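First residue of the sequence shown: 1, per this note's numbering; consecutive thereafter.
Ideal Cβ positions, reconstructed from N, Cα and C, are used throughout, including at glycine.
Being a predicted model, the structure only gives us computed values, none of them experimental.
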Amino acid sequence: MSDLQSAALARVKPSATIAVSAKARALAAAGRDIIGLGAGEPDFDTPDNIKAAAIKAINDGQTKYTDADGMPALKKAIVDKFARENGLTYDVNQIHVAPGGKPVIFNALVATLNPGDEVIIPAPYWVSYPDMVLLAGGEPVFVTGAEADGFKLRPEVLEAAITPRTKWLILNSPSNPTGAAYTRLELHRLAEVLRLHPHVWILTDDMYEHLTFDGFEYTTIAQVAPDLYDRTLTVNGVSKAYAMTGWRIGYAGGPKALIDLMRKVASQTTSNPTSISQYAAVEALNGTQAFLKPRNDAFQARRDLVVSMLNQATGIRCPNPEGAFYVYPSVEGLIGKTTPSGVVITDDEVFTTELLEAEGVAVVQGSAFGLSPYFRISYATSEAVLEEACGRIQRFAASLT
Ligand code: PLP
């Protein structure tokens with residue numbers, strides 16, 4: 001069996017967030033009272049108008065293959081979305097649709113990376129970026145954002161990381177796992193660096209665009225720096241904003257030459273995303289957006305609750321992020337302490353394991369996202385559950401000596 005696994009796959013590790021969810025499910029099945037704050041998906045249901053569009057598509061017989069990278073009506077809806085919400089002008093032949101944001105990103109990497117090509121990934125990062133880069137044959141290069149900067153990439157750190165082998169910079173705003181979002185000025189400063197290095201492409205993952213708080217003005221880099229448009233892939237999708245994680249539709253706008261390469265990958269791998277989901281996504285983008293604001297308000301109230309309660313926990317420090325549905329608190333103040341059962345908290349992985357053991361709260365250790373000693377909470381669940389979970393975290397932190 002040892003030679004079954006390819007060398008490319010041997011470089012990849014399984015998803016840590018999926019592992020935490022599996023462990024929490026196993027404990028719950030064994031009768032433990034478990035609160036899972038590991039999964040990255042909205043608890044809201046897909047809006048009814050979107051479901052109705054999918055049902056209509058089925059009844060109308062729209063159940064055949066479509067173009068490999070998306071049907072014209074959806075590409076047109078995406079073109080209109082980019083124009084309306086981001087001030088970005090794309091032609092339909094500059095749009096790629098795939099079964100989720102994840103395959104959009106993977107198709108771009110597979111289409112462009114040669115062995116040894118470097119991809120700059122700001123840490124803390126979404127767990128899948130490094131492994132997708134490795135699977136595509138590239139080399140992840142990590143640059144770390146400081147907590148004091150809201151975990152965001154500083155221009156001088158970016159500058160120092162760029163080499164002649166750099167192919168891509170991946171940006172993610174608002175961020176999974178920190179919730180941090182880049183302001184127009186911060187993007188402008190990064191653009192100043194990128195302008196000096198014309199060989200570097202930019203992949204911006206805007207999946208959490210619609211989840212921002214306190215009136216944050218969302219912008220994306222091709223909008224802030226139009227001169228970078230010709231080497232920017234703007235990735236987005238319906239999974240998070242429209243509570244459609246299971247429908248599997250992601251999309252991107254970018255230079256035609258890149259989009260052509262990505263279509264070639266899709267045409268020989270997945271073929272088209274599900275036709276029914278594409279009709280649903282057309283309705284998501286073209287239909288009413290009225291539910292976004294109340295849902296955002298609910299997420300903001302949850303963020304406020306979680307940030308406030310965690311900052312009242314002994315030894316935990318929780319920054320107040322601009323968006324997404326994650327917080328990324330520090331457990332620096334708990335390292336070296338001992339649990340009542342005699343375990344020394346040496347790092348964030350021991351912290352999350354012992355928290356799950358003692359109080360039944362499942363969160364993900366910061367080491368999975370490339371920055372310790374932190375942990376990630378997904379607060380896409382009710383305030384009552386969050387209050388109970390944060391109370392348990394407070395109790396666990398207070399129990400350490
Ligand atoms: N990008 C980020 C930052 C994410 O957090 C996720 C999902 O967790 C994705 C992309 C992938 O989204 P999708 O479910 O559409 O593949």
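Please go through the same chain and pick out, in chain order, the residues whose beta-carbon is closer than 6 Å to the beta-carbon of residue i, but skip the five residues on each side of it.
i	result
tyrosine 208	Pro174, Lys240, Gly323, Ala324
leucine 356	Ala362
proline 177	Pro124, Tyr326, Tyr328, Phe369, Arg376
glutamate 139	Glu118
asparagine 86	Thr220, Gln223
threonine 352	Val363, Gln365, Phe375
threonine 66	Asn272, Ser275
isoleucine 170	Ile121, Tyr129, Leu203
alanine 57	Ile276, Tyr279
leucine 134	Arg11, Val12
Is the beta carbon of residue j closer than 7 Å to that of residue i?
i	j	result
glycine 40	serine 378	yes
arginine 32	glycine 360	yes
alanine 77	arginine 263	no
alanine 368	phenylalanine 396	no
glutamate 283	alanine 108	no
valine 331	threonine 338	no
valine 92	lysine 75	yes
Going by DSSP, what residues sit across from residue i in a beta bridge?
i	result
tyrosine 374	Ser330
valine 141	Ile120
glutamine 365	Phe375
glycine 250	Ala98, Gly237
threonine 338	Val344
threonine 212	Gly323
Could you pull out every residue in the same chain whose Cβ sits closer than 7 Å to the Cβ of residue i, ignoring the five residues on either side in sequence?
i	result
glutamate 383	Ala301, Arg302, Leu305
tyrosine 90	Val79, Phe82, Gly253
leucine 88	Phe82, Ala222, Gln223, Thr234, Gly253
phenylalanine 216	Ala181, Glu322, Gly323
What would DSSP say about residue i, mapped onto helix, strand or coil?
i	result
leucine 169	strand
alanine 39	coil
threonine 232	strand
arginine 392	helix
glutamate 32	Per the sequence shown, residue 32 should be read as arginine rather than glutamate. Residue state, collapsed to three classes: coil.
threonine 353	helix
arginine 184	helix
Cβ-heavy atom distance between residue i and ligand 3 below 6 Å?
i	result
methionine 207	In the structure shown, ligand 3 is absent; the only ligands present are ligand 1.
At which residues does the alpha helix (DSSP H) containing residue i begin and terminate?
i	result
valine 97	Careful: valine 97 lies outside any alpha helix (DSSP H), inside the beta strand (DSSP E) at 95-98.
valine 133	128-135
isoleucine 50	48-59
threonine 17	16-29
proline 294	292-311
leucine 261	256-268
valine 12	Neither: valine 12 is in no alpha helix (DSSP H) and is coded neither H nor E.
valine 224	221-224
Output needed for residue i: all residues of its chain with C-beta closer than 8 Å, excluding positions within five of it in sequence on either side, in chain order.
i	result
aspartate 45	Ala243
proline 164	His199
Could you spell out where the beta strand (DSSP E) holding residue i opens and where it closes?
i	result
threonine 381	Per DSSP, threonine 381 belongs to no beta strand (DSSP E) and is neither H nor E.
leucine 203	201-205
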